[in-house]
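Residue numbers (UniProt numbering): 1 to 560.
Where is the CB? At the ideal position from N, CA and C, for every residue including glycine.
Here the structure is laid out as C-alpha cells; the discussion comes afterwards.
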C-alpha cells in the first residue's frame, strides 16, 4: 500500500465513532419507546386500580348477604338442594313418554286402560301424604335432613321402577311399578316447600325471590329432561327408569355438603353451629377471631326471633298457634291461592296439552310437542326472577291470571267457531303454549314461592306442609274430574269455565295476596299480625308524628 492510499483512509476511531453514534440513536429510540410503553402500562394499571377500588367501594356499600361471595355461596347451596327437585319433575312427566310402550299389547308386559290410569295418577294420590310428612319433619330434623330424606324416598321409588321387570310374575311387576310411582308422588309432595324455606332463611330480601324460584326451575327442568329422554329413548322403560335412578342417587349425594339453615339451628338453641352457618352464607371465614358489627347485629336479631319462636312453640300446640292472625290469615290465603291455581286448569292443561294439540290437527310428533312445551316453560321460569323483582309478586300474579283467562277464551272461541279453527289451525297450539307461559309467570310458580315467605318461623314447616297438602288434594280432584266435566260441559264450555275462574283469580290476588318483595320475613309476619286496621292506625300515627315535627320546626324557625 502506498503512502497516498494510507493518507486517504479514514482513521479507525472515526469509523468506530460512527458505529457508536448509530447504536446510541437506536438505543435512545428504544428507550423512548420503552418509556412510552411503561407509561401506558402504568396508566392501564392505574385505571385498573381505580376500577378495582371502585368495585371494592361498591361491594363494601352492600349488605353482607348481598356481596358477591355471599350470593355465590347461597346460590351454590340452593342449587345443590334443588338438584333433587329435577327428579320430581321427571316423575310428573314419566307417563307421557312411557304409556305408549306400557299399553302396547304386542309387548310381553302391557297395561289395560284401567291399569294405565292408575299408573299415571297414583303419584297424585300420594302427593298430599308427602305434604303432611314434610310438615312433620321440617321443624323436627331440620331443612337439610328433610331435603336428604326426600331424595332418599325418591331414590327408592326410581329403584323399584328400574328393577320391576326383573320379575317374571305379572302381578308382582305391576304392584312394584305402582309402589315405585307412589314413592315418587311422596317425593313430589315433600319437595314443594323445604328448599324454598331453606332459601328464604339463608338470604336477604333483595335476592330471596331469585333463590326461592330455583325450585320451580328444577321442576320445569325435570319435566323437560324426561321429555328429552322419551324423545331419544323409545320403547325402553327400564333404561329411562335406570337413568333417572342414577341421577337421583347423584342428587342425594349432593345434599351432603349443605350447611343447615341458621334460623332453624338458632330455634333449636345450637348457637355456635348457627354462627358458623350464617358466617358461611354472609361470605365470611368460619373462624371467630374477627368481629364484624353488621354480622353480629344480624345474628342477634335472628336469635331474638328464634327465641320468641321457640317460646311460642313450647307454650302452644299447632292447634293453638293456628288461632293467631299471623298464622291463620296466611294459611287461609294460601289455601285459597292453591284452590284458584287448580280450578283455573293449570295442571289439567299441562297433563292434557298433547291431546288438545292433537285435536287441533297437529301432525308433528306428540312427544316433540311436549318437548316444545317444556322448553317454553323452562325459558319463562328463568325470566321469573327478574319479573318478580321488577313487578313484585302481586302484579306478576294478576298479569298471569289475566293472560291465562284470555288464552282460555280464545280456545273456547275456537271450539264455538270451528270454521275459524279450520282457517287458523295453529291457533289452539299457540294458545296452549301461551297459557303455559302465562301460568309459569305467576299462577303455577307463585303459590310455591309464597309458602316460604308468609308464615312465622315457629310454624313455617307445619303451615307450609298443610298448604301443600290441600294444594295436592285439589290437584288430584281436578285431574280426576276433568274427563267427567268435559263430558258434562263440552270442551269449549269447560275452557270458558277455566277462563272465568282465571279472571276471578286475578281479583283474588288483588284483594287478598300481600306484596312480599323487598320485605324481611319479620316484616311480613308483622303485616299479618297487625291487620288492615292496625296498619292504618300505624300510618296515621306516623303521619301525626311527621306533622308534629313539621310544626315544631316551624315554631323554631319563627322564633329565630
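- In the structure shown, the three-state DSSP call for residue 490 is coil.
- Taking a cut-off of 8 Å on C-beta distances, the region 195-208 touches the region 246-264, as three or more cross pairs fall below it.
- In this structure, residue 213 keeps its C-beta atom at 8 Å or more from the C-beta atom of residue 413.
- As the crow flies, the alpha-carbon of residue 146 is around 7 Å from that of residue 134.
- By the Cβ criterion, the region 454-464 is not in contact with the region 429-437, since fewer than three pairs of Cβ atoms, one from each stretch, lie closer than 8 Å.
- In the structure shown, residue 104 falls within a coil segment according to DSSP collapsed to helix, strand and coil.
- In this structure, DSSP gives residue 118 a helical state, which the three-state scheme calls helix.
- The DSSP-derived three-state label of residue 445 is coil.
- Excluding five sequence positions before and after residue 114, none of the CB atoms of its chain fall closer than 6 Å to its own CB.
- When rounded, the separation of the alpha-carbon atoms in residue 159 and residue 513 is 41 Å.
- The Cβ-Cβ distance between residue 71 and residue 217 does not fall below 8 Å.
- Rounded to whole angstroms, the gap between the alpha carbons of residue 141 and residue 461 is 11 Å.
- Taking a cut-off of 8 Å on C-beta distances, the region 395-407 does not touch the region 298-309, as fewer than three cross pairs fall below it.
- In the three-state reduction of the DSSP assignment, residue 410 falls in the helix class, which pools H, G and I.
- Note on the region 431-475: whole alpha helix (DSSP H) runs with a minimum of 4 residues are 446-450, in chain order.
- A direct Cα-Cα distance of roughly 24 Å separates residue 68 from residue 256.
- Exposure of residue 107 is indicated by the presence of fewer than 16 other C-beta atoms within 10 angstroms of its C-beta.
- Residue 515 is positioned such that its CB atom lies no closer than 8 Å to that of residue 336.
- The shortest CA-to-CA distance from residue 164 to any of 338, 175 and 334 is the one to 175.
- Cβ contact annotation for residue 482 (same chain, cutoff 6 Å, sequence separation greater than five): 348, in chain order.
- Distance from the CA atom of residue 448 to the CA atom of residue 192, rounded to whole angstroms, is 7 Å.
- A residue is called buried once 16 or more other Cβ atoms fall within 10 Å of its Cβ, and residue 296, having fewer, is exposed.
- Of the other Cβ atoms in all chains shown, fewer than 16 fall within 10 Å of the Cβ of residue 292; this residue is therefore exposed.
- Secondary structure at residue 68: helix, using DSSP grouped into helix, strand and coil.
- Taking a contact as a CB-CB distance under 8 Å, the pair residue 186 and residue 129 counts as one, their CB atoms being some 6 Å apart.
- Assignment of residue 75 by DSSP, reduced to helix, strand and coil, places it in the helix class.
- The alpha-carbon separation between residue 64 and residue 389 amounts to approximately 20 Å.
- For the set 523, 411, 517 and 395, the Cα lying nearest the Cα of residue 509 is the one of 395.
- Within its own chain, the residues whose Cβ lies closer than 8 Å to the Cβ of residue 239, once the five positions on either side in sequence are excluded, are 233, listed in chain order.
- DSSP places residue 264 in the helix class (H, G or I) of the three-state scheme.
- The beta carbon of residue 283 sits closer than 6 Å to those of 67, 69 and 70, all from its chain and outside the five residues before and after it, given in chain order.
- The criterion of a C-beta distance shorter than 8 Å is satisfied by residue 443 and residue 397.
- For residue 466, the closest of 136, 478 and 525 by C-alpha to C-alpha distance is 136.
- Per DSSP, the unbroken alpha helix (DSSP H) holding residue 245 starts and ends at 237-254.
- Taken atom to atom, the span from the alpha-carbon of residue 154 to that of residue 219 is near 14 Å.
- In this structure, the beta-carbon distance from residue 227 to residue 116 does not fall below 8 Å.
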